[in-house]
Structures are given as C-alpha cells and as structure tokens.
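Engineer:
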Amino acid sequence: MSNEDDLCLTPLQSLLTARTRDTKWRRQYHAYSKQASQAPLSFWPQWVYEMYDSYILARKAAELWRQIIAKPNMDDHVRKPDILSFHIGSKLPVSESVRQKLLEIDGISYRLQKEIQLLKAFNVIKCRNCQSHIAKRSDVVVMSTDGPLGAYVNPDGYVHETITVSNATGLALTGSPSTVHSWFPGYSWTIALCAACESHIGWLFRATKKNLRPRSFWGIRSSQIADDAQVDQSE
1460 MSNEDDLCLT PLQSLLTART RDTKWRRQYH AYSKQASQAP LSFWPQWVYE MYDSYILARK
1520 AAELWRQIIA KPNMDDHVRK PDILSFHIGS KLPVSESVRQ KLLEIDGISY RLQKEIQLLK
1580 AFNVIKCRNC QSHIAKRSDV VVMSTDGPLG AYVNPDGYVH ETITVSNATG LALTGSPSTV
1640 HSWFPGYSWT IALCAACESH IGWLFRATKK NLRPRSFWGI RSSQIADDAQ VDQSE
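Residues in the sequence shown are numbered consecutively from 1460, following the numbering used here.
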C-alpha cells in the first residue's frame, strides 16, 4: 500500500476510533444508570431519577470525597455504590453521633444523598463544648491508609477516632512531647486542649526525624467535634 493510501485511510481510522470511544462511554454510562435510558419515556424529568440513581450519586460523592483526601481515582468505588456509601460514611470528618446516624440510614441512595449533603456543607471543624473554630476543610490531611479519620487505641485500651489536619487554631499544648506509644512512627505527641474551654481536643504530632513530611500535624478527636451537620432520616 502506498503512502497516499495511508493518508486517505487516516481520517477514516480516526473516525472509527472516535466512534469506538463514544460507544464505550455510552455503554459505561448506561451500565451505571439504568434509569437514565428510561427517563425520556417517563413523566418525570431525568434529574428526578438522578436524585435516586445510586451510581450517579456514587460518582458525585466520590468526586467530593476525592477533593478532600486528594485521591486521584475512585472508579473502583463508584462501581459499588453500597460499599462506597459505607466507606465514605465511616471516614467522614464529622462527630461520632452524626456518623452513627449516617451509617444507620436504610437505603444506599438515601445514605449517599446525605453524604453528598455533608460533604458540601463541611467547611470548618469546631469544638463541641464551646463552638470555637479549630480547623478548615482545606486543613484535612491524610496520614494513614485509612484516610483522614482513623481509630487509634491508647495503652489503656481506649479507642480514639481521630481526624488529622495540617493546621489548627485556638488550641493550647499541655505537657511535654513524648514518643511513647505514638500512633505515628517517627512522630512525638503532645496533648492539645481547647484554649477557650480547656477540653481535650486532641494532640500535636511533631516529626522526630529530618526526612519525615509533614514536619507536624494535629489529631482532632471526633468525639470533640461540634454537630454542625445534622442527619435526618425522615427527609
């Protein structure tokens, strides 16, 4: 075949490639959303179906969650909305009471709707006792494979659900730094109290080795976070 023939075939090959790509995208979309193909034939507009389509809701929730934890790809989670709803629900940087209500919601789409609502509303972390501002959404940092929220056990067997943030305000340190039983190897910990009401908010972790990054971060107890975001199952 001549070079001239090659040039003639190039546009056709590009068109076939584009059509193949478009067909693949359409198949994936309809696999995620069965209701989407039925919406044009029904009385209700498509956006009504999307409100209860667990796959569409999963993609929205995953995108909002990705913005917080900076995880580049969550496609595997989106394909399993039920697992995603429990994953996000168990890791959201909210108080223990809000998380408990969230996980008790009956129905995948309803749980995902509430998670999207909470993710959009989550802007600040406040002290449960006095409402003092502690940290912002942009301060949340991932310091373990569990995400920004993890359950850590102290030597006495007490479990602390802790949210990690890069910066915090309105906190006062008490006691000396210690590396004993540190939850984060290579980091020392110091108890942090709310400067306004003196309740135990969490800890400041500082790197003890030069090569560790970040050099410091805070661990905020989820039990000490204000219930700004409410979960109402009756809605």
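Ideal placement from N, C-alpha and C gives every residue a C-beta, glycine not left out.
Here the structure is a predicted model, which is why all the values come from computation and not from measurement.
Assuming F1545 is part of the alpha helix (DSSP H), what are its boundary residues?
Structural biologist: Counting along the chain, the alpha helix (DSSP H) containing F1545 begins and ends at P1540 to K1550.
Engineer: So, at 7 angstroms on beta carbons, what are the nonlocal neighbours of F1676 in its own chain, with the 5 sequence-adjacent residues on each side left out?
Structural biologist: Result list for F1676: V1600, M1602, T1623, V1624, S1625 and F1664, in chain order.
Engineer: By Cβ distance below 6 angstroms, which residues in the same chain neighbour A1631 in space, the five residues on each side in sequence not counted?
Structural biologist: Only L1652 and A1654 meet the Cβ criterion.
Engineer: Would you please state the rounded distance, in angstroms, between the beta carbons of L1608 and K1550? I believe it to be under 8 angstroms.
Structural biologist: Correct: roughly 5 angstroms between the Cβ atoms.
Engineer: Count the CB pairs spanning the stretch 1634 to 1650 and the stretch 1570 to 1581 that are closer than 8 angstroms, and state whether there are at least three.
Structural biologist: The stretch 1634 to 1650, when compared against the stretch 1570 to 1581, does not touch it at the 8 angstroms Cβ threshold.
Engineer: Taking its Cβ as the centre, do 16 or more other Cβ atoms sit within 10 Å of Y1617, making it buried, or is it exposed?
Structural biologist: The residue is exposed, with fewer than 16 neighbouring Cβ atoms inside 10 Å.
Engineer: Leaving out five residues on either side along the sequence, give the residues of the same chain with a beta carbon under 6 angstroms from the beta carbon of D1605.
Structural biologist: Excluding positions up to five away in sequence, the list is empty.
Engineer: Going by C-alpha to C-alpha distance, which of G1634, R1672, S1513 and T1667 sits closest to H1659?
Structural biologist: Minimum Cα distance to H1659 is reached at G1634.
Engineer: Comparing C-alpha positions only, which one of G1629, A1627 and Y1611 sits nearest to T1621?
Structural biologist: Closest by alpha carbon: Y1611.
Engineer: Could you check whether A1521 and M1510 sit closer than 8 angstroms to each other, using their CB atoms as the reference points?
Structural biologist: No, the pair does not count as a contact, with Cβ atoms beyond the cut-off.
Engineer: Return helix, strand or coil for H1536, following the three-state DSSP convention.
Structural biologist: Correct three-state label for H1536: helix.
Engineer: With a threshold of 8 angstroms between beta carbons, is Q1576 in contact with chain C?
Structural biologist: In the displayed structure, chain C is absent; only one protein chain is listed.
Engineer: Should R1587 be labelled buried (16 or more other beta-carbon atoms within 10 Å of its own) or exposed?
Structural biologist: R1587 is buried by the Cβ-count criterion.
Engineer: DSSP state of V1557, grouped into three classes?
Structural biologist: Looking at V1557 - three-state DSSP - the assignment turns out to be helix.
Engineer: Exposed or buried, which one is A1594 when buried takes at least 16 other CB atoms within 10 Å?
Structural biologist: It counts as buried.
Engineer: Could you please give the first and the last residue of the uninterrupted alpha helix (DSSP H) stretch that includes E1563?
Structural biologist: Where E1563 is concerned, there is no enclosing alpha helix (DSSP H), given that its DSSP letter is neither H nor E.
Engineer: Would DSSP call K1573 helix, strand or coil?
Structural biologist: Note: K1573 maps to helix in three-state DSSP.
Engineer: For a test of the three-state rule: what should DSSP assign to R1680, helix, strand or coil?
Structural biologist: In this structure, R1680 counts as strand in the three-state DSSP scheme.
Engineer: Quick check: what's the CA-CA separation for I1567 versus S1544?
Structural biologist: Each residue's Cα considered, the two are about 7 angstroms apart.
Engineer: Classify K1585: buried if its beta carbon has 16 or more other beta carbons within 10 angstroms, exposed otherwise.
Structural biologist: Buried, by the Cβ-count rule.
Engineer: Using only the alpha-carbon positions, how far apart do N1670 and A1529 sit?
Structural biologist: When rounded, the distance between both Cα atoms is 22 angstroms.
Engineer: Between the alpha carbons of I1527 and D1541, how many angstroms are there, rounded?
Structural biologist: The alpha-carbon atoms of I1527 and D1541 are separated by roughly 20 angstroms.
Engineer: Within a Cβ cutoff of 6 angstroms, which residues of the same chain sit near R1674, ignoring the five residues on either side of it in sequence?
Structural biologist: These residues qualify, in order along the chain: A1666.
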